[in-house]
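Numbering (our numbering), first residue to last: 154 to 316.
All residues carry an ideal CB built from backbone N, CA and C; glycine is no exception.
These figures come from a predicted structure and were not determined experimentally.
Have a look at the structure below before the remarks.
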(Lines of atoms letter the chains of each structure in order from A and count residues from 1; the text may use other names and numbers.)
(Lines give C-alpha, C1' and ligand atoms only; values in the text may rest on other atoms or scores of the structure.)
Protein backbone atom coordinates (compact mmCIF):
# COMPACT_ATOMS: atom_id res chain seq x y z
CA UNK A 1 0.00 0.00 0.00
CA UNK A 2 1.41 3.36 -0.99
CA UNK A 3 1.38 6.48 1.13
CA UNK A 4 0.98 8.64 -1.98
CA UNK A 5 -2.26 10.61 -2.23
CA UNK A 6 -4.80 9.13 -4.64
CA UNK A 7 -4.49 12.04 -7.11
CA UNK A 8 -0.77 11.25 -7.59
CA UNK A 9 -1.57 7.78 -8.91
CA UNK A 10 -1.26 7.24 -12.64
CA UNK A 11 -4.69 7.34 -14.30
CA UNK A 12 -3.89 4.25 -16.36
CA UNK A 13 -2.97 2.34 -13.19
CA UNK A 14 -6.20 3.41 -11.50
CA UNK A 15 -8.29 2.38 -14.51
CA UNK A 16 -6.48 -0.95 -14.74
CA UNK A 17 -6.97 -1.54 -11.01
CA UNK A 18 -10.71 -0.88 -11.34
CA UNK A 19 -11.01 -3.24 -14.30
CA UNK A 20 -8.91 -5.91 -12.60
CA UNK A 21 -10.96 -5.72 -9.40
CA UNK A 22 -14.18 -6.15 -11.36
CA UNK A 23 -12.78 -9.04 -13.35
CA UNK A 24 -11.49 -10.83 -10.25
CA UNK A 25 -14.96 -10.48 -8.71
CA UNK A 26 -16.60 -11.99 -11.81
CA UNK A 27 -14.10 -14.85 -11.85
CA UNK A 28 -14.74 -15.58 -8.17
CA UNK A 29 -18.51 -15.63 -8.79
CA UNK A 30 -18.12 -17.97 -11.78
CA UNK A 31 -15.89 -20.30 -9.77
CA UNK A 32 -18.34 -20.27 -6.86
CA UNK A 33 -21.14 -21.24 -9.27
CA UNK A 34 -19.22 -24.40 -10.15
CA UNK A 35 -19.39 -25.87 -6.67
CA UNK A 36 -22.40 -26.61 -4.54
CA UNK A 37 -21.97 -24.27 -1.58
CA UNK A 38 -25.59 -24.77 -0.61
CA UNK A 39 -26.91 -22.19 1.82
CA UNK A 40 -23.60 -21.59 3.58
CA UNK A 41 -22.55 -18.04 4.33
CA UNK A 42 -19.14 -16.66 3.38
CA UNK A 43 -18.12 -16.84 7.07
CA UNK A 44 -19.12 -20.50 7.24
CA UNK A 45 -17.25 -21.32 4.04
CA UNK A 46 -14.16 -19.45 5.25
CA UNK A 47 -14.29 -21.34 8.55
CA UNK A 48 -14.53 -24.73 6.82
CA UNK A 49 -11.67 -23.92 4.45
CA UNK A 50 -9.49 -22.67 7.33
CA UNK A 51 -10.11 -25.87 9.30
CA UNK A 52 -9.42 -27.96 6.20
CA UNK A 53 -6.09 -26.20 5.65
CA UNK A 54 -4.94 -25.62 9.24
CA UNK A 55 -6.54 -28.50 11.12
CA UNK A 56 -8.66 -28.49 14.30
CA UNK A 57 -9.08 -25.25 16.24
CA UNK A 58 -11.07 -23.78 19.09
CA UNK A 59 -13.88 -21.30 18.50
CA UNK A 60 -11.75 -18.52 19.99
CA UNK A 61 -8.80 -19.47 17.75
CA UNK A 62 -11.05 -19.45 14.70
CA UNK A 63 -12.54 -16.11 15.73
CA UNK A 64 -9.05 -14.59 16.02
CA UNK A 65 -8.01 -16.01 12.65
CA UNK A 66 -11.17 -14.72 10.95
CA UNK A 67 -11.13 -11.35 12.72
CA UNK A 68 -14.40 -11.68 14.61
CA UNK A 69 -15.65 -11.93 18.18
CA UNK A 70 -15.82 -15.42 19.74
CA UNK A 71 -19.60 -15.03 20.19
CA UNK A 72 -19.95 -14.36 16.46
CA UNK A 73 -17.84 -17.42 15.66
CA UNK A 74 -20.09 -19.55 17.87
CA UNK A 75 -23.02 -18.47 15.68
CA UNK A 76 -21.01 -19.49 12.59
CA UNK A 77 -20.03 -22.87 14.03
CA UNK A 78 -23.40 -24.02 15.43
CA UNK A 79 -25.13 -24.59 12.05
CA UNK A 80 -22.01 -26.33 10.71
CA UNK A 81 -22.12 -28.79 13.60
CA UNK A 82 -25.87 -29.27 13.08
CA UNK A 83 -25.23 -29.98 9.38
CA UNK A 84 -22.56 -32.54 10.36
CA UNK A 85 -19.85 -30.59 8.56
CA UNK A 86 -17.98 -30.03 11.84
CA UNK A 87 -17.46 -32.12 14.93
CA UNK A 88 -16.30 -30.92 18.31
CA UNK A 89 -14.15 -32.76 20.84
CA UNK A 90 -12.61 -31.67 24.14
CA UNK A 91 -9.28 -29.89 23.71
CA UNK A 92 -6.64 -32.26 25.17
CA UNK A 93 -4.58 -29.30 26.43
CA UNK A 94 -7.59 -27.46 27.94
CA UNK A 95 -10.66 -29.57 28.66
CA UNK A 96 -12.76 -26.42 29.08
CA UNK A 97 -12.44 -25.70 25.36
CA UNK A 98 -13.73 -27.59 22.34
CA UNK A 99 -11.60 -28.34 19.30
CA UNK A 100 -13.57 -28.23 16.08
CA UNK A 101 -12.60 -30.23 13.01
CA UNK A 102 -14.22 -30.88 9.66
CA UNK A 103 -15.87 -34.25 9.17
CA UNK A 104 -14.79 -36.73 6.50
CA UNK A 105 -17.97 -35.89 4.58
CA UNK A 106 -17.07 -32.19 4.72
CA UNK A 107 -13.52 -32.89 3.53
CA UNK A 108 -14.93 -34.86 0.58
CA UNK A 109 -17.38 -32.05 -0.20
CA UNK A 110 -14.55 -29.48 -0.16
CA UNK A 111 -12.40 -31.65 -2.45
CA UNK A 112 -15.28 -32.20 -4.87
CA UNK A 113 -16.00 -28.47 -5.00
CA UNK A 114 -12.34 -27.68 -5.59
CA UNK A 115 -12.18 -30.29 -8.37
CA UNK A 116 -15.33 -28.89 -10.01
CA UNK A 117 -13.89 -25.37 -10.01
CA UNK A 118 -10.55 -26.60 -11.38
CA UNK A 119 -12.30 -28.61 -14.10
CA UNK A 120 -14.46 -25.64 -15.14
CA UNK A 121 -11.49 -23.27 -15.31
CA UNK A 122 -9.32 -25.77 -17.20
CA UNK A 123 -12.08 -26.35 -19.75
CA UNK A 124 -12.73 -22.61 -20.08
CA UNK A 125 -9.05 -21.92 -20.72
CA UNK A 126 -8.77 -24.77 -23.21
CA UNK A 127 -12.02 -23.97 -25.03
CA UNK A 128 -11.86 -20.18 -25.16
CA UNK A 129 -8.16 -19.48 -25.59
CA UNK A 130 -5.80 -20.51 -28.37
CA UNK A 131 -2.21 -21.54 -27.49
CA UNK A 132 -0.85 -18.00 -27.98
CA UNK A 133 -3.56 -16.56 -25.72
CA UNK A 134 -2.88 -19.23 -23.09
CA UNK A 135 0.78 -18.13 -23.15
CA UNK A 136 -0.36 -14.53 -22.62
CA UNK A 137 -2.50 -15.59 -19.67
CA UNK A 138 0.49 -17.47 -18.22
CA UNK A 139 2.51 -14.25 -18.45
CA UNK A 140 -0.34 -12.31 -16.84
CA UNK A 141 -0.52 -14.85 -14.00
CA UNK A 142 3.19 -14.29 -13.32
CA UNK A 143 2.56 -10.54 -13.19
CA UNK A 144 -0.44 -10.99 -10.89
CA UNK A 145 1.66 -13.14 -8.57
CA UNK A 146 4.20 -10.34 -8.43
CA UNK A 147 1.39 -7.86 -7.79
CA UNK A 148 0.32 -9.77 -4.67
CA UNK A 149 3.88 -10.39 -3.52
CA UNK A 150 4.28 -14.03 -4.55
CA UNK A 151 6.37 -13.63 -7.69
CA UNK A 152 9.90 -12.61 -8.50
CA UNK A 153 10.56 -8.89 -8.92
CA UNK A 154 11.64 -7.83 -12.40
CA UNK A 155 15.33 -7.56 -13.14
CA UNK A 156 16.72 -4.04 -13.29
CA UNK A 157 17.20 -4.28 -17.06
CA UNK A 158 13.54 -5.23 -17.48
CA UNK A 159 12.52 -2.23 -15.37
CA UNK A 160 14.77 0.08 -17.40
CA UNK A 161 13.15 -0.98 -20.67
CA UNK A 162 9.65 -0.14 -19.43
CA UNK A 163 8.09 3.03 -20.94
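Of the residues the options, which one's Cα is nearest the Cα of residue i?
i           : options               : result
residue 188 : 255, 256 and 270      : 270
residue 216 : 206, 230 and 205      : 230
residue 266 : 292, 198, 298 and 213 : 198
residue 219 : 196, 228, 236 and 278 : 196
Give every residue of the same chain whose Cβ lies closer than 6 Å to the Cβ of residue i, excluding the five residues on either side of it in the sequence, and list them in chain order.
i           : result
residue 178 : none
residue 169 : none
residue 114 : Since the displayed the chain opens at 154 and closes at 316, residue 114 lies outside it and no answer follows.
Here's a check: name, in chain order, each residue in its chain whose Cβ is nearer than 8 Å to the Cβ of residue i, leaving out the five neighbours to either side.
i           : result
residue 201 : 193, 233, 238, 239, 255, 259 and 263
residue 205 : 255, 259, 260 and 263
residue 285 : none
For residue i, which residues of its own chain have a beta-carbon under 7 Å away from its beta-carbon, when the five flanking residues on both sides are left out?
i           : result
residue 209 : 252, 253 and 254
residue 306 : 299
residue 250 : 211 and 244
Please report the residue range of the beta strand (DSSP E) in which residue i lies.
i           : result
residue 249 : 247-255
residue 242 : 239-244
Determine the extent of the alpha helix (DSSP H) in which residue i is found, giving its start and end residues.
i           : result
residue 226 : 223-235
residue 180 : 164-186
residue 289 : 284-300
residue 195 : 195-207
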